[in-house]
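Using the working numbering, the first residue of the sequence shown is number 2, and each one after it goes up by one.
Quick reminder that beta carbons are idealized off the backbone N, C-alpha and C, glycines included.
In this text, all values refer to a predicted model and were calculated from it rather than measured experimentally.
I have placed the structure first, in the form of structure tokens, so that the comments after it can refer back to it.
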Amino acid sequence: MRRKLIAGNWKMNGSLAANAVLLNGIKADLGQAACDVAVCVPAPYLAQCRAELAATPIGWGAQDISVHESGAYTGEVAAGMLLDFDCSYVIVGHSERRTYHAESSQLVAQKALRALNTELTPIVCVGESLAEREAGKTADVVGEQVDAVLAALNTEQLAKIVIAYEPVWAIGTGKTATPEMAQEVHAMLRAKLVEEDSTVAKGVKILYGGSMKPDNARELLAMPDIDGGLIGGASLKAADFLAIIHAA
Ligand code: PEP
């Protein structure tokens, strides 16, 4: 059985003071969480996460990495640098990166590979826009995004990734996919993994992301192929993030 993962994506939010309040709030009421928990934070706050979270079951990581190992890539952060801060996770291919930074599915797949080669768990985001959904292209779009990853990774590597299905129209909008809509795409993704290796497919976590909140988390997380959540807005409030963790 897959253990659920609830991962926060803070995006470009936070300050040392605000993060301390948030992390202490999460730690105070985490209790015996029956799921894995992580926060993916802006790179300048990774040291703070390590200091605050090292003695807890909460993991931490970044929101992007460079596809390159090191060198003249001004402004980028190398996967290896995340290891200096004991990160476990890195998000790759978030729709905000695909949209605002023109990241292709092939680049995202290479970033996932870079993360794996650095002993980091990539949380690979896939998802369709509203126009694509309305045009009936969800399976094609999400399929193309995941196929690029499947083409780049061998089955041993595949077993180590986390996938996050995040319909772009649901991110930060308050609109959520119904549990059935999300499950349909998650099942399609699982079927693609089965084509690669049925044993590996059973173990890979597929998270849902897109306006997951305390009031809709339970029914989304009850679906058979939804193995957790990638949480944006609601991960910035300790009470909301904890409520989702406890729903899982
Ligand atoms: C996200 O950015 O990954 C996300 C799911 O955001 P939100 O929960 O705010 O929709």
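Item                                                                                                                              : Value
I27, enclosing alpha helix (DSSP H) - first and last residue                                                                      : L17 to D30
Backbone CA spacing between V127 and A29 [nearest angstrom]                                                                       : 33 angstroms
Cα-Cα separation between G26 and A63, rounded to whole angstroms                                                                  : 20 angstroms
DSSP bridge partner residues for Y46 (one or two, in chain order)                                                                 : According to DSSP, which records beta bridges pairwise, Y46 is partnered with nothing at all.
Unbroken alpha helix (DSSP H) run spanning V127, endpoints                                                                        : Looking at the DSSP string, V127 is not in any alpha helix (DSSP H); the run it does join, the beta strand (DSSP E), is T122 to V127.
First through last residue of the alpha helix (DSSP H) which encompasses N118                                                     : S106 to N118
Cβ-heavy atom distance, K12 to the ligand PEP, below 8 angstroms                                                                  : yes
Through-space distance from L17 to Y46, alpha-carbon basis                                                                        : 7 angstroms
Any non-hydrogen atom of the ligand PEP closer than 8 angstroms to I27 Cβ                                                         : no
Terminal residues of the beta strand (DSSP E) in which Y209 lies                                                                  : K206 to G210
Y101, enclosing alpha helix (DSSP H) - first and last residue                                                                     : S96 to Y101
Expected contact under 8 angstroms - CB spacing of T177 and S212 to nearest Å                                                     : 5 angstroms
For V125 and I162, believed in contact at Cβ under 8 angstroms, the rounded distance                                              : 6 angstroms
Heavy atom of the ligand PEP within 8 angstroms of A183 beta-carbon                                                               : no
Helix, strand or coil at L1 [DSSP, three-state]                                                                                   : Nothing can be reported for residue 1: it is not among the residues displayed for the chain, which extend from 2 to 249.
Sub-9 angstroms separation of C36 and G9 beta-carbons                                                                             : no
D228, DSSP secondary structure in three states                                                                                    : coil
Chain-order list of residues whose beta-carbon lies under 7 angstroms from that of C88 (same chain, five-residue window excluded) : L47, W61, G62, A63 and L121
Alpha-carbon to alpha-carbon, I66 and Y90                                                                                         : 11 angstroms
The alpha helix (DSSP H) enclosing D241, as first and last residue numbers                                                        : A239 to A248
Other residues of its chain near A244: CB distance less than 6 angstroms, five sequence neighbours each side excluded             : P215
Bounding residues of the beta strand (DSSP E) (the contiguous stretch that carries N10)                                           : L6 to N10
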